[in-house]
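Shown next, in structure tokens, is the structure this report addresses.
Residue numbers (full-length UniProt numbering): 1 to 354.
Structure representation (structure tokens):
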């Protein structure tokens, strides 16, 4: 969009008032601007620019008590409630892993941050929102009724900075699956030598493959391509049997993790949902193009995951068993995953029926 056609800040604020029920993400898309630009249009009108680096921003949130942490990508959003306690800084990645809030932060993608106050029918809605260079949301934080709202103004004042010139850059295209079938023997040998799941991307990269490409090349028994309904089936089975799981949802700047049992799994239209106290997950099932069951060796035994990707090859979400829950819980998770048919197995009856 040229500068002459770009909506003014006044126009964006007016649109926000006219469409109070429309999510910022959707309203921004309607006007051809990034979500960060829509929020920045409210600077001086309910929005304040904050220091975006997680080393400064995240520790300050602890004073607010329990908060709702929201992380999303194009196809999935996860919301967890708890205190932002125990922040651990790092040069390339930092994290919180204490209690209900389990987050991984990648500081190079924390480019813009805002505190936002908006009047709604239900009262004042407050949030802290972080965006990457493309103006896409990286992480959002919302106070809950049990939050320490008396600390809100002091926290915002402590983080307040002069608003930088907001110049969003084009979004980095999604890298499609990259694999080399000719190197399958090398991949399987290197795979067998892994002792930690975090070694996987480095290992695949050395062979000029990415995650989805390597999954396609590795093949059974290391990977199995499952039927599209496997995610819902696994979540429903985990909820029904009380099997604890780990859920990973993220984007370039943040990964949010749930560990523990899940209870209420519901499909509403295209959305597959987990609707539990302190945890909400909303996954666009119609965006899921590939589902893989993946076995990776670790020092503590095999780590079995179910992972889903969109049509461009972007990772949407990952689901694991919980190692700390013990061997019985891991065995339950394996039984759930092993019971899922492969894509080929579901295609065979369809061909026979035809």
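Cβ atoms here follow ideal geometry from the backbone N, Cα and C, with glycine treated the same way.
Small disclaimer: the values here were computed from a predicted structure and weren't measured.
Alpha-carbon to alpha-carbon, residue j and residue i
i	j	result
residue 179	residue 220	16 Å
residue 330	residue 119	46 Å
residue 64	residue 23	25 Å
residue 21	residue 135	21 Å
residue 271	residue 76	9 Å
residue 30	residue 6	12 Å
residue 192	residue 19	54 Å
residue 285	residue 88	34 Å
residue 83	residue 47	23 Å
residue 239	residue 322	14 Å
residue 327	residue 39	47 Å
residue 226	residue 53	39 Å
residue 255	residue 10	34 Å
residue 313	residue 175	7 Å
residue 169	residue 133	6 Å
residue 282	residue 187	34 Å
residue 122	residue 78	23 Å
residue 277	residue 144	13 Å
residue 51	residue 171	22 Å
residue 267	residue 158	42 Å
residue 1	residue 332	Bear in mind that a pLDDT of 49 at residue 1, under 50, signals an unreliable position, so the number given afterwards is only what the model happens to contain. Cα to Cα, the separation comes out at about 52 Å.
residue 13	residue 127	17 Å
residue 291	residue 262	20 Å
residue 146	residue 242	28 Å
residue 137	residue 66	21 Å
residue 28	residue 217	39 Å
residue 142	residue 114	12 Å
Per-residue burial, residue i [other beta carbons within 10 Å of its own, 16 or more giving buried]
i	result
residue 244	buried
residue 437	The structure shown does not extend to residue 437, since the chain is modelled only from 1 through 354, so no value can be given for it.
residue 26	exposed
residue 376	In this structure the chain extends from 1 to 354, so residue 376 is not present and cannot be described.
residue 102	buried
residue 223	buried
residue 129	buried
residue 185	exposed
residue 42	buried
residue 201	exposed
residue 17	exposed
Which of helix, strand or coil DSSP assigns to residue i
i	result
residue 47	strand
residue 287	helix
residue 117	strand
residue 110	coil
residue 104	strand
residue 277	coil
residue 305	strand
residue 147	coil
residue 346	helix
residue 96	strand
residue 334	helix
residue 133	coil
residue 62	helix
key: Residue ranges of each alpha helix (DSSP H) within the region 154-241, 4 or longer   = 184-192, 200-206, 211-218 and 230-241
message = With a threshold of 8 Å, are at least 3 pairs of Cβ atoms found where one atom belongs to the region 108-118 and the other to the region 285-305?
response = no
message = Three Cβ pairs or more, each shorter than 8 Å: is that satisfied between the region 334-341 and the region 250-260?
response = no
inquiry  = Contact between the region 169-187 and the region 91-105 is defined here as three or more beta-carbon pairs at a separation below 8 Å; is this criterion met?
reply    = no
task = Determine contact between the region 300-319 and the region 229-236, defined as no fewer than three beta-carbon pairs at a distance below 8 Å.
result = yes
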